[in-house]
Amino acid sequence: MNQPNTPDISFFFAVHQHMRSDLDRYLGSVGGAVESERSTRLRSLHRWTTGFICELEEHHFAEDTFFFPDMRRKVPSSVAIIDGLEADHRRLDELLAAWPGVSANLADPAVPFDGAKSAAVELAGQLRDLLSVHLDIEDHDVLPLYWRHYTAAEYDALQALAVKKSKKKGIWFVAPWNVDNLEGAERAAFLAAAPLPLRAIHRLVRPRYDRLIAAAFGATPVAVGETAKR
Ligand SMILES: [Fe+2]
Ligand SMILES: [Fe+2]
């Protein structure tokens, strides 16, 4: 349990764990894709991809614009690690820019299926491998610095600024995706503390989001995993 003056960064860990779970699930999903799904499940999977890209881009924007610059100023020993993480973000930008086209081809009956599937598996593997190392570095070498060098008030102010200035692109996906980072009482408390307009948006987009997940992957809920609860 957090001390009163220690930043609560559990949500940051939960976001990272959800990203890992989703990339693993996507990789399994494209690996098992068959041609007869092109006008059904793979179309939904393409739609899911466009939303997940918004979440990844929003997350990188928040880190590049708010969390990392502030950490650079406050903890000079973090600069070399953050340089490496920002370079990863630029490499990830390239993969994310290519992803919609690759994912659209997988759902397009006019594109030869085997090549489209190989390209989707290849891209998903590159994304998963790069992000998996990247997220481990953030979890092990950067996030604990908030515990050591920030008060709870300093961290909360930084997080509030990042939320306020977020790009809010793809809110139809980003809002429910972030609520799904948490479970049970934590999820209920998170929703209760959210501003009223965000709660209203979440209520509005949730049914369509759940239908999309079921259509793209089947009805199994995301297994966020134990590290989300650290
Ligand atoms: Fe990052
Ligand atoms: Fe991150």
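Just so we're aligned: the sequence shown equals residues 0 to 229 in numbering that gives the first Met the number 0.
For glycine and all other residues, C-beta sits at the position ideal for the given N, C-alpha and C.
Spatial distance of residue 126 from residue 22 (CA atoms): On the sequence shown, residue 126 is found 127 positions in, with the first residue counted as 1. On the sequence shown, residue 22 is found 23 positions in, with the first residue counted as 1. In this structure, the alpha-carbon of residue 126 lies about 8 Å from that of residue 22.
Whole-angstrom distance between residue 83 and residue 68, CA atom to CA atom: What you label residue 68 is simply residue 69 of the sequence shown in a count that begins at 1. What you label residue 83 is simply residue 84 of the sequence shown in a count that begins at 1. Taking the straight line from one Cα to the other gives about 13 Å.
Reference residue 138; option with closest CA among 4, 90, 81, 49: Looking up residue 138 in the sequence shown gives position 139. For residue 138, the nearest C-alpha among the options comes from 81.
Pairwise C-alpha distance: residue 90 and residue 192: Taking the sequence shown and counting its residues from 1, one reaches residue 192 at position 193. Taking the sequence shown and counting its residues from 1, one reaches residue 90 at position 91. Between the alpha carbons of residue 192 and residue 90 lies a gap of roughly 35 Å.
Completely contained alpha helix (DSSP H) runs for the region 148 to 208, where each covers 4 or more residues: If we require 4 residues or more, the alpha helix (DSSP H) runs fully inside the region 148 to 208 come out as 151 to 163, 170 to 178, 183 to 192.
The region 183 to 190 contacting the region 153 to 165, beta-carbon criterion three pairs below 8 Å: No: fewer than three Cβ pairs fall under 8 Å.
Three-state secondary structure assigned by DSSP to residue 72: By one-based count along the sequence shown, residue 72 stands at place 73. Note: residue 72 maps to helix in three-state DSSP.
Nearest residue (CA-CA) to residue 101, options 92, 88, 155, 121: Looking up residue 101 in the sequence shown gives position 102. The shortest Cα separation from residue 101 among 92, 88, 155, 121 belongs to 121.
Alpha helix (DSSP H) runs contained entirely in the region 56 to 143, provided each spans 4 or more residues: Within the region 56 to 143, the complete alpha helix (DSSP H) runs of at least 4 residues are 67 to 73, 78 to 106, 112 to 136.
Residue environment, residue 48, which counts as buried when at least 16 other CB atoms sit within 10 Å: As a position in the sequence shown, residue 48 is number 49, starting the count at 1. With 16 or more Cβ atoms within 10 Å of its Cβ, residue 48 is classed as buried.
Boundaries (first-last residue) of the alpha helix (DSSP H) holding residue 28: Position 29 of the sequence shown, counting from 1, holds the residue named residue 28. Per DSSP, the unbroken alpha helix (DSSP H) holding residue 28 starts and ends at 9 to 30.
Other residues of its chain near residue 249: CB distance less than 6 Å, five sequence neighbours each side excluded: It is not possible to answer for residue 249, since the shown part of the chain is limited to 0 through 229.
Buried versus exposed call for residue 116 [16 or more other C-beta atoms within 10 Å across all chains shown]: On the sequence shown, position 117 is the one that residue 116 refers to. The residue in question, residue 116, is buried, as its Cβ has 16 or more Cβ neighbours within 10 Å.
Separation of residue 10 from residue 183, as counted between CA atoms: The residue given as residue 183 occupies position 184 in the sequence shown. The residue given as residue 10 occupies position 11 in the sequence shown. When the Cα atoms are used, residue 183 and residue 10 turn out to be separated by approximately 14 Å.
Counted within 10 angstroms of its Cβ, other Cβ atoms place residue 93 as buried (16 or more) or exposed: Within the sequence shown, residue 93 is the residue found at index 94, counting from 1. Exposed is the label assigned to residue 93, since fewer than 16 other Cβ atoms lie within 10 Å of its Cβ.
Chain-ordered list of residues that sit, by beta carbon, closer than 6 Å to a heavy atom of ligand 1: Residues whose Cβ lies closer than 6 Å to any heavy atom of ligand 1, listed in chain order: 59, 62, 84, 88, 133, 137.
Contacts around residue 70, its chain only, beta-carbon distance under 6 Å, and the 5 residues preceding and following it disregarded: Working through the sequence shown from its first residue, we reach residue 70 at position 71. Taken in chain order, the residues that qualify are 77.
Best match in 198, 199, 180, 206 for proximity to residue 20 [C-alpha to C-alpha]: What you label residue 20 is simply residue 21 of the sequence shown in a count that begins at 1. Distances from the alpha-carbon of residue 20 to those of 198, 199, 180, 206 put 180 closest.
Under 8 Å between C-beta atoms of residue 45 and residue 14: As a working note, residue 45 is residue 46 in the sequence shown. As a working note, residue 14 is residue 15 in the sequence shown. No, the pair does not count as a contact, with Cβ atoms beyond the cut-off.
Contacting residues, own chain, Cβ-Cβ under 7 Å from residue 5 (five flanking each side not counted): Locating residue 5 in the sequence shown gives position 6, counting from the first residue. Spatial neighbours of residue 5 in its own chain (CB-CB distance under 7 Å, excluding positions within 5 residues in sequence) are listed in chain order as 146, 151.
Whether residue 95 touches residue 18 by CB criterion (8 Å): Sequence index remark: in the sequence shown, residue 95 carries index 96 (1-based). Sequence index remark: in the sequence shown, residue 18 carries index 19 (1-based). Cβ atoms of residue 95 and residue 18: not closer than 8 Å.
C-beta contact flag for residue 231 and residue 12 at 8 Å: A question about residue 231 goes unanswered here, because the residues of the chain that appear run from 0 up to 229.
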